[in-house]
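Undergrad: Counting in our numbering, the sequence shown runs from 1090 upward without gaps.
Don't be surprised by glycine CBs; every beta carbon is placed ideally from N, CA and C.
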Amino acid sequence: MTNQTITSVSRESRLFKPSAEFKAQANLGSEAAYKKLYAESVNSPERFWERQAKQFLTWRKPFTQVLQWKPPHAKWFGGGTLNVAENCLDRHLGTARENKAAIIFEGEPGDIRTLTYKQLHREVCKCANALELLGLRKGDRAAIYMPMVPEAAVAMLACARLGVVHTVIFGGFSSEAIKDRINDCGARVVITADGGWRRGKIVELKDSVDRALGATPSVEHVVVLKRTGNAVTMKEGRDLWWDDLMAAAPAVHKARAHASEQPLFILYTSGSTGKPKGVLHTSAGYLLGAAMTTHYVFDIKETDIYWCTADIGWITGHSYVVYGPLSVGATVLMYEGAPNQPEPDRFWEIIDRHGVTVFYTAPTAIRAFMRWGDEFVTRHSLASLRLLGSVGEPINPEAWMWYHKMIGKKRCPIVDTWWQTETGAIMVTPLPGITPTKPGSCTRPFFGVVPKILDENGKPVSRGSGGKLFLTQPWPSMLRTLWGDDARFKEQYWSEVPGLYFAGDGARFDEDGYLWVVGRIDDVLNVSGHRIGTAEVESALVSHPSVAEAAAVGRPDELKGQALVCFVTLKGDQRASDELKEALRAHVAREIGAIARPDSLRFAAALPKTRSGKIMRRILKEIAAGGDVKGDITTLEDFNVVASLQAEE
Ligand code: 7RM
1090 MTNQTITSVS RESRLFKPSA EFKAQANLGS EAAYKKLYAE SVNSPERFWE
1140 RQAKQFLTWR KPFTQVLQWK PPHAKWFGGG TLNVAENCLD RHLGTARENK
1190 AAIIFEGEPG DIRTLTYKQL HREVCKCANA LELLGLRKGD RAAIYMPMVP
1240 EAAVAMLACA RLGVVHTVIF GGFSSEAIKD RINDCGARVV ITADGGWRRG
1290 KIVELKDSVD RALGATPSVE HVVVLKRTGN AVTMKEGRDL WWDDLMAAAP
1340 AVHKARAHAS EQPLFILYTS GSTGKPKGVL HTSAGYLLGA AMTTHYVFDI
1390 KETDIYWCTA DIGWITGHSY VVYGPLSVGA TVLMYEGAPN QPEPDRFWEI
1440 IDRHGVTVFY TAPTAIRAFM RWGDEFVTRH SLASLRLLGS VGEPINPEAW
1490 MWYHKMIGKK RCPIVDTWWQ TETGAIMVTP LPGITPTKPG SCTRPFFGVV
1540 PKILDENGKP VSRGSGGKLF LTQPWPSMLR TLWGDDARFK EQYWSEVPGL
1590 YFAGDGARFD EDGYLWVVGR IDDVLNVSGH RIGTAEVESA LVSHPSVAEA
1640 AAVGRPDELK GQALVCFVTL KGDQRASDEL KEALRAHVAR EIGAIARPDS
1690 LRFAAALPKT RSGKIMRRIL KEIAAGGDVK GDITTLEDFN VVASLQAEE
């Protein structure tokens, strides 16, 4: 039985209730209201979603069918038409929001710019006209490879306005990654910039595009925004300056209505093996998911200054920098650069400078701030903050507590939001005025979400045991397919237990029905017959005062099946030593039991991560086994990290 479920070792019991003040002003502030809505959302989903779609979206033509579900293919809001860009912009014009800031931008060098809804609308209209003049039509694909500047959002919204499917490629990806993605979707246009600022240096974006374009026959034009002013080569006839196109484009653009299921974007996400998967999202359902969760989870008010630190090249940037917040008329802060430029207090400085009220970031960033030291935080007031969010990985309780005390000053609810590129919007999360939180748990399902945890044989596990995480109901913002590969879509997400969506994560429900994600199922450790989630061992390590970050992986072992190998990075003032190594092994054994005492513990200067900050345990597994690093590494943040890990062996 032990190898069927995941053994849980975490013993977190702290509970944090929302304050009366927060509750009183929350968009949804009572447990009774949550229960009632949740019950309706799962018992009468069509009635529930019909009402939400009418409340949160502006339709050109009302839909006639809420859901057509032919597993695993869903069509939401059939018969309806709308325009996503109109929902994010036009509908705020002529209201009190018209001259409100839509985007407050801060560049890494310190340049600050504000675009009101009216100004953003005008830019998007011009860009849509310009793209149309280049010949882009509904259904065509355009690649966006830009720094975190307002023009990236303008380009996305201009595509959305036209029904052109965008694929945003993270500005740190290599030419190789650009080439693969462009070729997979057949993009006709690439929108890029000369460069972007990162840690005081120029990231030469146009240069990377140029190196990709030798082998991308579908690309007809490249639009180049001038951001950094570095010299770039412009290919006659193919390459055009953003400014020239925008100057020549009319500022009025009549948005056409698109069907609910009009493809909106493709976002590539790396699988553990093989080529990246092109996750396809469509219009109405996706926007509804993004809008609704922004309203309920981030509790957005007219007066909020909302900052999600994710890059637009990541799903979090799509849903919670662009589509969600703009559709609810929020003011979005956008920052171009690194969190430690010029100093490790840049984020806190920005929060005070602009009066940020809602702040959403990732555990990897939080752990970096912890490592850099509290003094960078305490220099600033952070008094404007009222709500904090976390996304991307399980947040270890140690980091949660630091976030709660140091950033939230014990006053701000923390929403630990579990979701995926594939889910389009937040799926499991606390509601900030309602749900008591536990450090490390993403708590309860959002409306319409029914998570199930099943064992290897597809049978429900007993409460408290871990297993594979599934979602049992279709939801509006779900991925529709993988671009050009419906077979892989079915295989990847719907074949584990037919009819259920397999998230690929390991998780458990605790005695209060709270969900704990313990890591990717492929990474689950098998220690002497016990399956243990990576997050639990890592959390134990990070709870030691010397440790900044940790990754736990299994190494094939003749006796035990798998030996537990842990990679650890230390806090700034700590030195690696054999004594510390022993102390850490003992610490893990004390925290979670002798079965999880690491067989081997290795100090590292840094851990291999994806661009969005997720630890790439797959690579560490290969290093621990002493082999070469194989498989797709195009999403790896810094290859030097791997080289030095191998050298340290
Ligand atoms: C939004 C995003 C998805 C994977 C997911 C999990 C992990 C994300 C949390 C989390 C624990 C969280 N999209 N994950 N959020 N694990 N708690 N709050 O990250 O497609 O890039 O990644 O990230 O493993 O399956 S993603």
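Do Ala1592 and ligand 1 come close, with the Cβ less than 7 Å from some heavy atom?
TA: yes
Undergrad: Residues in its own chain within less than 6 Å of Gly1513 by CB, not counting five upstream and five downstream?
TA: His1370, Tyr1375, Gly1378, Ser1566
Undergrad: Quick check: the Cα distance between Gly1252 and Ala1736, rounded to an integer number of angstroms?
TA: 49 Å
Undergrad: Within the stretch 1349-1409, note down every full alpha helix (DSSP H) run reaching 4 residues or more, in order along the chain.
TA: 1373-1386
Undergrad: On the criterion of 16 or more Cβ atoms from any shown chain inside 10 Å, does Gln1081 qualify as buried, or is it exposed?
TA: This structure cannot settle anything about residue 1081, because the visible part of the chain is limited to 1090 through 1738.
Undergrad: Going along the chain, which unbroken runs of the beta strand (DSSP E) with 3 or more residues stay wholly within the stretch 1139-1225?
TA: Counting only runs of at least 3 residues, the stretch 1139-1225 fully encloses the following beta strand (DSSP E) elements, listed from N- to C-terminal order: 1154-1159, 1162-1167, 1190-1195, 1201-1205.
Undergrad: According to DSSP, simplified to helix, strand and coil, what is Tyr1424?
TA: strand
Undergrad: Do Leu1073 and Gly1260 have their C-beta atoms closer together than 8 Å?
TA: Missing from the structure shown is residue 1073; the chain here goes from 1090 to 1738 and no further.
Undergrad: Taking the continuous beta strand (DSSP E) assigned at Cys1655, which residues delimit it?
TA: 1650-1659
Undergrad: Where Thr1096 and Gly1224 are concerned, what is the direct C-alpha to C-alpha distance, given to the nearest angstrom?
TA: Linking Thr1096 to Gly1224 through their CA atoms gives a straight-line distance of about 57 Å.
Undergrad: Does Asn1132 come out as helix, strand or coil in the three-state DSSP assignment?
TA: helix
Undergrad: Between the stretch 1437-1453 and the stretch 1210-1217, do three or more beta carbon pairs fall short of 8 Å?
TA: Because the criterion of three Cβ pairs below 8 Å is not met, the stretch 1437-1453 and the stretch 1210-1217 do not touch.
Undergrad: Is Thr1405 close to ligand 1? I mean its beta-carbon at under 7 Å from any heavy atom of the ligand.
TA: yes
Undergrad: Would you report the Cα separation of Gly1661 and Ala1320, rounded to the nearest angstrom?
TA: 38 Å
Undergrad: For the alpha helix (DSSP H) that contains Asp1088, what are its first and last residues?
TA: As displayed, the chain neither begins before 1090 nor continues past 1738, which places residue 1088 out of reach and without an answer.
Undergrad: Pro1483: beta carbon under 7 Å from a heavy atom of ligand 1?
TA: Pro1483: yes, Cβ under 7 Å from ligand 1.
Undergrad: Measure the Cβ-Cβ separation of Tyr1385 and Pro1414 and say whether it is below 8 Å.
TA: Not a contact, by the Cβ cut-off of 8 Å.
Undergrad: Are the stretch 1419-1431 and the stretch 1282-1292 in contact at 8 Å, needing three or more beta carbon pairs?
TA: yes
Undergrad: Can we count Cys1531 as close to ligand 1, meaning its CB is less than 7 Å from some heavy atom?
TA: Within 7 Å of the C-beta of Cys1531 there is at least one heavy atom belonging to ligand 1.
Undergrad: What is the C-beta distance between Lys1314 and Ala1282, in whole angstroms, given that I count them as a contact (C-beta under 8 Å)?
TA: Per the sequence shown, the amino acid found at residue 1314 is Leu instead of Lys. The pair is a contact, with the Cβ atoms about 4 Å apart (cut-off 8 Å).
Undergrad: If you check the beta carbons only, do Pro1697 and Leu1725 fall under 8 Å apart?
TA: yes
Undergrad: Apart from the five residues just before and just after Ser1617, which ones in its own chain have a Cβ nearer than 8 Å to its Cβ?
TA: Lys1649, Gly1650, Ile1684
Undergrad: Excluding the five sequence neighbours on either side, which residues of its own chain have a C-beta within less than 7 Å of the C-beta of Asp1646, listed in chain order?
TA: Excluding residues within five positions, the ones whose Cβ falls inside 7 Å are Ala1652.
Undergrad: Mind the definition here: the stretch 1102-1121 touches the stretch 1539-1555 only if three or more C-beta pairs lie below 8 Å; say whether that holds.
TA: Touching, no, given that fewer than three Cβ pairs across the two stretches are closer than 8 Å.
Undergrad: Whole angstroms are fine: how far does the CA of Ile1484 sit from the CA of Pro1239?
TA: 30 Å
Undergrad: Over what stretch of residues does the alpha helix (DSSP H) that includes Asn1116 continue unbroken?
TA: Element bounds for Asn1116: n/a, residue is neither H nor E.
Undergrad: Which residues mark the beginning and the end of the beta strand (DSSP E) in which Pro1645 is found?
TA: 1636-1646
Undergrad: What's the call for Asp1332, buried or exposed, on a 16-neighbour Cβ count within 10 Å?
TA: Asp1332 should be labelled exposed.
Undergrad: Of all the beta strand (DSSP E) runs that stay within the bounds of the stretch 1687-1715, which reach a length of 3 or more residues?
TA: Counting only runs of 3 or more, we get 1689-1692.
Undergrad: Indicate, with yes or no, if ligand 1 has a heavy atom lying under 7 Å from the CB of Arg1577.
TA: no
Undergrad: Just to check, is the beta-carbon of Ser1701 closer than 7 Å to a non-hydrogen atom of ligand 1?
TA: Because some heavy atom of ligand 1 lies under 7 Å away, the Cβ of Ser1701 counts as near it: yes.
Undergrad: In the structure shown, what three-state DSSP assignment does Leu1734 receive?
TA: helix
Undergrad: Suppose the cutoff is 7 Å on Cβ atoms and the five residues either side in sequence are ignored; what does the same chain contact list for Tyr1127 look like?
TA: Phe1536
Undergrad: Just confirm the distance between the C-beta atoms of Glu1129 and Val1155, as a whole number of angstroms; I'd bet it's less than 8 Å.
TA: 13 Å between Cβ atoms; not a contact.
Undergrad: Excluding the five sequence neighbours on either side, which residues of its own chain have a C-beta within less than 7 Å of the C-beta of Gln1430, listed in chain order?
TA: Same-chain partners within the cutoff: Glu1197, Arg1288, Gly1289.
Undergrad: Less than 7 Å between the CB of Thr1358 and some heavy atom of ligand 1, yes or no?
TA: yes
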